[in-house]
Structures are given as structure tokens and as C-alpha cells.
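Novice:
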Ligand SMILES: Cc1cc2nc3c(=O)[nH]c(=O)nc-3n(C[C@H](O)[C@H](O)[C@H](O)COP(=O)(O)O)c2cc1C
């Protein structure tokens, strides 16, 4: 069963975190990394495992480009019953009211279409001490046995 990692990133932090996870998930099987900016919703297959790695922008929105992916999803409303997924969100606690909102939105979108979230939804804080790539690797290692 392949693992698909979708990232939504404007300045590269989420992209870097997504790429850092690859070696962890390769212990499970083949891994494909997709930029949500050019991803097609057809890439979502309930038979595979999906990881969403996404930064928050604006007033709690997805990075531009990633929004299109989820708008298409909302319009098409594919049946994602049984699609298992995990979410690694990135944000900054200086945005108190909308901290890591994109990860929450993604989780809700996919659950509303029938998906089942696995593990804890990570909330990386860009103002914190934690390195995003190291945090991503540690988080992925926790998700790995749950796939
Ligand atoms: C203009 C701007 C708006 C942001 N808005 C939010 C926000 O509303 N909530 C949040 O948690 N983080 C917010 N952030 C922080 C980013 O999500 C965070 O720095 C993230 O690591 C950036 O990831 P990227 O480099 O992959 O784009 C914002 C950052 C910028 C520059």
C-alpha cells in the first residue's frame, strides 16, 4: 500500500517537513510526495494511506494553491469512505486565534467525505524551539505503526 504525502507550503517549511518524512514512511512501502498546488484529487485513493502536511496562512486559511485542491474536493465531493490519513499542521502561535487552522480544516474536509484520521494531529509552532524537520521525523515514526 503506497503512502501519499501531500504538502501545502508557501515558503518551504511544510515542503521540507514532508520530504523529511519520506525515509520514515519508506519503511512501510513506496512513498509519493505531491505538492497540493498541482495535485489532482484523483490521487486520493481509499486503498492507500495519506499524509497531509500543511501550513496556515491569511486568517486561518490554506496556502494559496492548496486552497484550490480543497475547493475541488468540496465541489466534487468524492466518496472517500475508509480513506485513512494523518495530518501534520504547521503554524505560528503569534496567530493566536487561527493557530494551525489549516490542519484542522483539512482533517474536517477529509472526515466529512468519509476519511478516518489516524494518530494525533501535529501542530508545529514556528515560534517554538522545535525544528520542523526533526519534529516531522519523530511524528512520522509515531504514525508508521498505525498505517
Ligand atoms: C502572512 C502569514 C500569515 C500566517 N498566518 C498564520 C495563521 O493564521 N495561523 C498560523 O498558525 N500560522 C500562520 N502563519 C505561520 C505559518 O503557517 C508558518 O510560519 C509555517 O511554518 C509556514 O510554512 P511554509 O514555509 O511551508 O509556508 C502565517 C505566516 C505568514 C507569513
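Residue numbers (the numbering used here): 14 to 160. We put the beta carbon where it would ideally sit given N, CA and C, even for glycine.
#1: Is the beta carbon of residue 111 less than 8 Å from the beta carbon of residue 72?
#2: With respect to the alpha helix (DSSP H) encompassing residue 42, which residues constitute its N-terminal and C-terminal limits?
#3: Give the secondary structure of residue 99 by DSSP, where H, G and I count as helix, E and B as strand, and everything else as coil.
#4: Would you check if there are 3 or more beta carbon pairs closer than 8 Å linking the region 28-37 to the region 139-156?
#5: Please list the segments of the beta strand (DSSP E) lying wholly inside the region 110-141, counting only runs of 3 or more residues, in order along the chain.
#6: Measure the alpha-carbon distance for residue 45 versus residue 57 and round it to whole angstroms.
#7: Whole angstroms are fine: how far does the CA of residue 39 sit from the CA of residue 130?
#8: Please state whether DSSP places residue 108 in a helix, a strand or coil.
#9: Per DSSP, residue 68 is paired with what?
Specialist: Looking at the coordinates:
#1: In this structure, residue 111 sits near residue 72, with a CB-CB distance shorter than 8 Å.
#2: Segment: none, residue 42 is in no alpha helix (DSSP H) and carries neither H nor E.
#3: Here DSSP, grouped into helix, strand and coil, assigns residue 99 to strand.
#4: yes
#5: 135-138
#6: Distance between the alpha carbons of residue 45 and residue 57: 12 Å.
#7: 20 Å
#8: Three-state DSSP puts residue 108 in coil, outside helix and strand.
#9: 103
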